[in-house]
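Novice: Residue numbers for the sequence shown follow my numbering, so the first one is 794 and each next one is one higher.
Yeah, the Cβ is synthetic: ideal placement off N, Cα and C, and Gly gets one too.
Treat the numbers as computed from the prediction; the structure is a model and nothing was measured.
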Amino acid sequence: MTNENIAEPTGFAALGISGQLLKATHAAGFIEPKPIQEQAIPAQLEGRDILGIAQTGSGKTAAFALPILSKIIALGTKRRPRTARALILAPTRELAVQIEETVKVLAKGAHISTALVLGGVSRHSQVKRIAPGVDFLIATPGRLTDLVREKDLILSDTTWLVLDEADRMLDMGFINDVRRIAKATHPARQTALFSATMPNEIAELAKGLLHDPVRVEVAPQGTTASEIRQGVIFARTKQKRQVLSTILADDAMRSVIIFARTKHGADRVTRDLERDGFEAAVIHGNKSQNARQKALNGFRDGSVRILVATDIAARGIDVPGISHVVNFDLPDEAESYVHRIGRTGRNGQDGVAITMVDPSENAKLRQVERIIRMQLPVLADHLDQPDPQPKSREHNADRRPEAANDRELRRDGKRATGGERASKPAGKARSGGNASNSNRHWPEKTGAPRPAGERTPDGAKPRKFRRRTRKPAARAA
Ligand code: AMP
């Protein structure tokens, strides 16, 4: 036999994944490992802890799930009642659901049990599910803490711990819960911590929880995927509704996620869109888990073109093919901007991120630009135009950011506010006005320039994705 006949393992096999797990991985369409998987899988199979600096979309779920699955399958031992062999902590319910889906796909045919422990849904069924013991438990920290406190779950057998989106768990006030949970797990556990950013508190947490970790980083901190074209539109708050309706009438906006800073803001944007003839789904922490999942499913299967979301609800959502992210307003924390726009431009696809900026948000814009290390080009500037008349409404009624606390989300989740709507077919603008011509606002996907001097339908001078020349008056906060 010549050397040529000895097939060198490639892809996931070369990383140490084998047997049924390899088959299921291939069946899931994962043939070539992503960079984070190349770095993290062999290290974890060797028993190393991982400090991963990566966003959702990087492939981190398989990066931590495959080695754990591989080890659990190899051990094959029985689970004890009310225990979990691997525990994955995630900040939001949506992300937890997504992780479980991925784990199930990867573990297909391998007799691995999974369970979800989340706020906002029946606790009884969760307790029942973990009663015989599970291999993979995916949980948000709030509900998990409750179950551990009430001894419905014992963590002392948990030898794999993964903290996903650790920075967001910090933002949501979960850090002490996370510490307590980690402390209750097996002392000789293997731990992986993933975070898109590395604020001091997370670095400290990692220091306390990880033992001599391998650091894997797939994109430098705070950078944004290069496939995403970004730009700003200067518009006063009173103008934003009309500007949004205008840009949404563009057919190129196939699948759009609109971010609002507050829950009420998200509801208001959704209401205004509907008044303007669009159909949109909304997710935020006041929506029941079912309503959130329904909205997300409609968006994912393409029956709803527009999803309005708050930062917390949308966190970590992985919906392929989102063509545009629109920031109706800027987030309170500049780093959330990176997470928001990371919903588009996935897996090498093109993506566009448009941010509407009221003069009062200029300081936030500067912070964002500092973090992404670039000045965002100006697509349009409406500041020298009058506010639109009657249909526009004040957007200052409630400016509280969404409650950063899963317990509150869980409490409120039970009493979904009115206005929850079923997912409907993709909406188009019915209204006339600027909408029909609105695609003239935007460069083609190819970035083809608009003829020089052509004006947008509402008279604003088009500015495209070129570098902006700063207008001191317009930038003054
Ligand atoms: P994640 O960051 O884990 O949410 O993954 C982002 C997306 O990439 C998900 O839609 C995964 O299904 C997909 N994905 C992860 N790893 C691979 C791979 N090796 N090949 C193709 N797709 C992948």
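Within the continuous alpha helix (DSSP H) that includes S918, where are the two ends?
Specialist: For the purposes of this step, residue 918 is taken as the residue at position 125 of the sequence shown. R916 to I923 is the extent of the alpha helix (DSSP H) around S918.
Novice: Should T803 be labelled buried (16 or more other beta-carbon atoms within 10 Å of its own) or exposed?
Specialist: Your numbering for residue 803 matches position 10 in the sequence shown. With fewer than 16 other Cβ atoms within 10 Å, it is exposed.
Novice: Rounding to the nearest angstrom, what Cα-Cα distance links V1274 and I923 in this structure?
Specialist: The structure shown does not extend to residue 1274, since the chain spans only 794 to 1270, so no value can be given for it.
Novice: Given this structure, state the Cα-to-Cα distance separating I1147 from L1003, to the nearest angstrom.
Specialist: Translated into the one-based positions of the sequence shown, residue 1147 becomes position 354. Translated into the one-based positions of the sequence shown, residue 1003 becomes position 210. Looking at the two C-alpha atoms, the distance is approximately 38 Å.
Novice: To the nearest angstrom, how far is it from the Cα of S1038 to the Cα of R872?
Specialist: Sequence index remark: in the sequence shown, residue 1038 carries index 245 (1-based). Sequence index remark: in the sequence shown, residue 872 carries index 79 (1-based). When rounded, the distance between both Cα atoms is 54 Å.
Novice: Cβ atoms of V971 and P934: under 8 Å apart, would you say?
Specialist: Here residue 934 corresponds to residue number 141 of the sequence shown, with the count starting at 1. Here residue 971 corresponds to residue number 178 of the sequence shown, with the count starting at 1. Yes. Within cutoff.
Novice: For I1021, which option in R1133, I947, A989 and Q919 has the closest C-alpha, if you only look at C-alpha atoms?
Specialist: Residue mapping note: residue 1021 aligns to position 228 of the sequence shown, counting from 1. When each option's Cα is compared against that of I1021, the closest is R1133.
Novice: Excluding the 5 residues preceding and the 5 following R1047 in the sequence, name in chain order all residues of the same chain whose CB lies nearer than 6 Å to its CB.
Specialist: What you label residue 1047 is simply residue 254 of the sequence shown in a count that begins at 1. Within the same chain, R1047 has close Cβ partners S1116.
Novice: Identify every run of the beta strand (DSSP E) within the segment 1081 to 1149, keeping only runs that are complete inside it and at least 3 residues long; order them along the chain.
Specialist: 1099 to 1103 and 1117 to 1120
Novice: Could you check the C-alpha separation between L808 and Q1032 for me, to the nearest Å?
Specialist: Walking along the sequence shown from the start, residue 808 turns up at place 15. Walking along the sequence shown from the start, residue 1032 turns up at place 239. Roughly 53 Å separates the two Cα atoms.
Novice: Closest by CA to D939, which one among E801, F967 and Q1082?
Specialist: Position 146 of the sequence shown, counting from 1, holds the residue named residue 939. D939 has its Cα closest to that of F967, out of E801, F967 and Q1082.
Novice: May I ask you to check if the CB of Q837 is nearer than 7 Å to at least one heavy atom of the ligand AMP?
Specialist: Here the question's residue 837 lines up with position 44 in the sequence shown. Not so, every heavy atom of the ligand AMP lies at least 7 Å from the Cβ.
Novice: Please report how far the alpha carbon of H819 lies from the alpha carbon of K864, in whole angstroms.
Specialist: Here residue 819 corresponds to residue number 26 of the sequence shown, with the count starting at 1. Here residue 864 corresponds to residue number 71 of the sequence shown, with the count starting at 1. Distance between the alpha carbons of H819 and K864 is about 18 Å.
Novice: I need the DSSP call for I905, collapsed to helix, strand or coil.
Specialist: Counting from one through the sequence shown, the residue named residue 905 turns up at place 112. Looking at I905 - three-state DSSP - the assignment turns out to be coil, as it is neither helix nor strand.
Novice: Verify the contact flag: K1033, CB atom, against every heavy atom of the ligand AMP, threshold strictly below 7 Å.
Specialist: Taking the first residue of the sequence shown as position 1, residue 1033 is located at position 240. Every heavy atom of the ligand AMP is 7 Å or more from the Cβ of K1033, so no.
Novice: Need the endpoints of the beta strand (DSSP E) that Q832 sits in, please.
Specialist: Against the sequence shown, residue 832 aligns to sequence position 39. That residue, Q832, is in no beta strand (DSSP E); its alpha helix (DSSP H) goes P828 to L838.
Novice: The ligand AMP heavy atoms versus the CB of Q1168: any closer than 7 Å?
Specialist: Here residue 1168 corresponds to residue number 375 of the sequence shown, with the count starting at 1. No heavy atom of the ligand AMP is found nearer than 7 Å to the CB of Q1168.
Novice: Check whether the Cβ atoms of G1078 and K1056 lie closer than 8 Å to each other.
Specialist: The sequence position of residue 1078 within the sequence shown is 285, counting from 1. The sequence position of residue 1056 within the sequence shown is 263, counting from 1. A distance below 8 Å separates the beta carbons of G1078 and K1056.
Novice: In terms of alpha-carbon separation, which member of G850, T849 and A856 lies closest to I843?
Specialist: By 1-based counting over the sequence shown, the position of residue 843 is 50. The candidate whose alpha carbon is nearest that of I843 is A856.
Novice: P860: which of T907, P828, S811 and L888 sits nearest, CA to CA?
Specialist: Counted from its first residue, the sequence shown places residue 860 at position 67. Of T907, P828, S811 and L888, the residue nearest in Cα terms is S811.
Novice: So, is L868 buried or exposed, given that buried needs 16 or more other C-beta atoms within 10 angstroms?
Specialist: Locating residue 868 in the sequence shown gives position 75, counting from the first residue. L868 is exposed by the Cβ-count criterion.
Novice: Please state the DSSP three-state secondary structure of T876.
Specialist: Position 83 of the sequence shown, counting from 1, holds the residue named residue 876. In the structure shown, T876 sits in a strand (DSSP, three-state: E or B).
Novice: I'd like to confirm something about T803: is its beta-carbon nearer than 7 Å to some heavy atom of the ligand AMP, or not?
Specialist: What you label residue 803 is simply residue 10 of the sequence shown in a count that begins at 1. No, Cβ of T803 sits at least 7 Å from all heavy atoms of the ligand AMP.
Novice: In the DSSP assignment, find the alpha helix (DSSP H) that holds T1039 and state where it starts and stops.
Specialist: To locate residue 1039, count along the sequence shown from 1; it is residue 246. Taken as a continuous stretch (DSSP letters only), the alpha helix (DSSP H) holding T1039 covers T1030 to L1041.
Novice: Please work out which residues of its chain come closer than 7 Å, Cβ to Cβ, to P828, disregarding the five sequence neighbours upstream and downstream, and give them in chain order.
Specialist: Reading the sequence shown from its first residue, position 35 is the one you call residue 828. These residues qualify, in order along the chain: V1011.
Novice: Give me the Cα-Cα distance between G1212 and E825, rounded to the nearest whole angstrom.
Specialist: On the sequence shown, position 419 is the one that residue 1212 refers to. On the sequence shown, position 32 is the one that residue 825 refers to. Any reading at G1212 must be qualified, since the residue scores a pLDDT of 31, below 50, and its modelled position is unreliable; the value itself is stated next. Cα to Cα, the separation comes out at about 44 Å.
Novice: In angstroms with no decimal places, state the Cα-to-Cα distance between L948 and H979.
Specialist: Residue numbering aside, residue 948 sits at position 155 when the sequence shown is read from its first letter. Residue numbering aside, residue 979 sits at position 186 when the sequence shown is read from its first letter. Their backbone Cα atoms lie some 7 Å apart in a straight line.
Novice: Is P1244 helix, strand or coil when you go by DSSP?
Specialist: Counted from its first residue, the sequence shown places residue 1244 at position 451. The predicted model places P1244 with a pLDDT of 30, which falls under 50 and marks its position as unreliable, so this point remains unresolved.
Novice: Would you decide whether Q919 is buried or exposed? Buried here means 16 or more other CB atoms lie within 10 Å of its CB.
Specialist: Taking the first residue of the sequence shown as position 1, residue 919 is located at position 126. Burial is judged here by how many other beta carbons sit within 10 angstroms of a residue's own beta carbon; Q919 has at least 16 and is buried.
Novice: Taking DSSP as the reference, what is the three-state secondary structure of I824?
Specialist: Against the sequence shown, residue 824 aligns to sequence position 31. Here DSSP, grouped into helix, strand and coil, assigns I824 to coil.
Novice: May I have the straight-line CA-CA distance separating A1053 from L1176, to the nearest angstrom?
Specialist: Looking up residue 1053 in the sequence shown gives position 260. Looking up residue 1176 in the sequence shown gives position 383. Near 20 Å, if we compare the C-alpha coordinates of L1176 and A1053.
Novice: Using 8 Å as the threshold, is the C-beta distance between G913 and R886 below it?
Specialist: On the sequence shown, position 120 is the one that residue 913 refers to. On the sequence shown, position 93 is the one that residue 886 refers to. Yes; because the gap between Cβ atoms is below 8 Å, this pair is in contact.
Novice: Should G822 be listed as close to the ligand HEM, given that the test is whether its C-beta is under 7 Å from any heavy atom?
Specialist: Questions concerning the ligand HEM fall outside what the structure shown contains, since the ligands it does hold are the ligand AMP.
Novice: Which word fits F823, buried or exposed, when buried means at least 16 other C-beta atoms lie within 10 angstroms of its C-beta?
Specialist: Position 30 of the sequence shown holds residue 823. Burial call: buried.
Novice: For L899, does the three-state DSSP call read helix, strand or coil?
Specialist: Looking up residue 899 in the sequence shown gives position 106. DSSP places L899 in helix when its eight states are reduced to three.
Novice: What does the Cβ neighbour count give for M965, buried or exposed, with the cut at 16 atoms within 10 Å?
Specialist: By one-based count along the sequence shown, residue 965 stands at place 172. When all chains shown are included, M965 counts as buried.
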